[in-house]
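Trainee: In our numbering, the protein residues as written are 25 to 207.
C-beta atoms are modelled at their ideal positions from N, C-alpha and C, and glycine is treated no differently.
These numbers come from a predicted model, not from an experiment.
I have a structure here, written as structure tokens, and I will follow up with some questions on it.
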């Protein structure tokens, strides 16, 4: 049973209540497929291959041109459509811990379990690079030198991360407080 849902052009957030018990809290971030982008990439790949076949057949160029264009097409499709992640999920079990799941298009699922007593605090972090700025949800874990990313592959907007952060704060007993810097 879906309790809550938010969507935008790239992602769908679903707060799921699959089990009759209220103890298990499940949050999904699902990646949307862009049909226009896929159509554009495959059309471009087809045009590159068609041009190379034309040059081979009518202009009597080398067959290696066809092979190179085929390799370029494969590289192009992988580069532009290479997001194999279908969805990422967070399963919160307040008595046990948090299970992080990554579901791939191929059907492969990778799971990571973090015990609840090792989680010090869930935090929302703003990541700034030279090109972009995005928000990520991380767990500060006792005994680990680095924070554990909740959504490793997908970068959902902050409005989709806040409900997951609040649920993690409630499960770990952390206070939901905004970070303020005083000078």
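1) Taking residue 111 as the reference, which of 131, 122, 192 and 167 has the closest Cα?
2) Using the rule of at least 16 other Cβ atoms within 10 Å of the residue's Cβ for burial, across every protein chain shown, is residue 161 buried or exposed?
3) Per DSSP, what kind of secondary structure is residue 141 in: helix, strand or coil?
4) Residues bridged to residue 121 by DSSP?
5) Have a look at the DSSP bridge pairing and note the partners of residue 49.
6) For residue 51 and residue 42, what's the separation of their Cα atoms in angstroms?
7) Mapping DSSP to helix, strand and coil, what is residue 4?
8) Roughly how many angstroms separate the alpha carbons of residue 24 and residue 56, rounded to a whole number?
9) Using DSSP's beta-bridge definition, name the partner residues of residue 151.
10) For the alpha helix (DSSP H) containing residue 101, name the first residue and the last one.
11) Does the beta-carbon distance from residue 72 to residue 96 come in below 9 angstroms?
12) What three-state label does DSSP hand residue 58 in the structure shown?
Mentor: The short version:
1) Mapped onto the chain shown, residue 111 falls at position 87. Taking only the C-alpha atoms, the option nearest residue 111 is 131.
2) Counted from its first residue, the chain shown places residue 161 at position 137. By the 10 Å Cβ count, residue 161 comes out buried.
3) Along the chain shown, read from residue 1 onward, the residue named residue 141 stands at position 117. Look at residue 141 here: in three-state DSSP terms it is helix.
4) To locate residue 121, count along the chain shown from 1; it is residue 97. Beta-bridge pairing links residue 121 to 117 and 139.
5) The count along the chain shown starts at 1 and reaches residue 49 at position 25. Residue 49 pairs with 116.
6) The residue labelled residue 51 in the question sits at position 27 within the chain shown. The residue labelled residue 42 in the question sits at position 18 within the chain shown. Using only the alpha carbons, I get a separation of about 10 angstroms.
7) Past the boundaries of the shown model lies residue 4; the chain is included only from 25 to 207, so the question cannot be answered.
8) No answer is possible for residue 24: the residues shown for the chain start at 25 and end at 207.
9) The residue labelled residue 151 in the question sits at position 127 within the chain shown. Residue pairing of residue 151 in beta bridges, as defined by DSSP: 158.
10) For this step, residue 101 is matched to residue 77 along the chain shown. Residues 88-105.
11) Residue 72 sits at position 48 when you count from the first residue of the chain shown. Residue 96 sits at position 72 when you count from the first residue of the chain shown. Yes, the Cβ-Cβ distance between residue 72 and residue 96 is below 9 angstroms.
12) The residue you call residue 58 lines up with position 34 of the chain shown. Coil.
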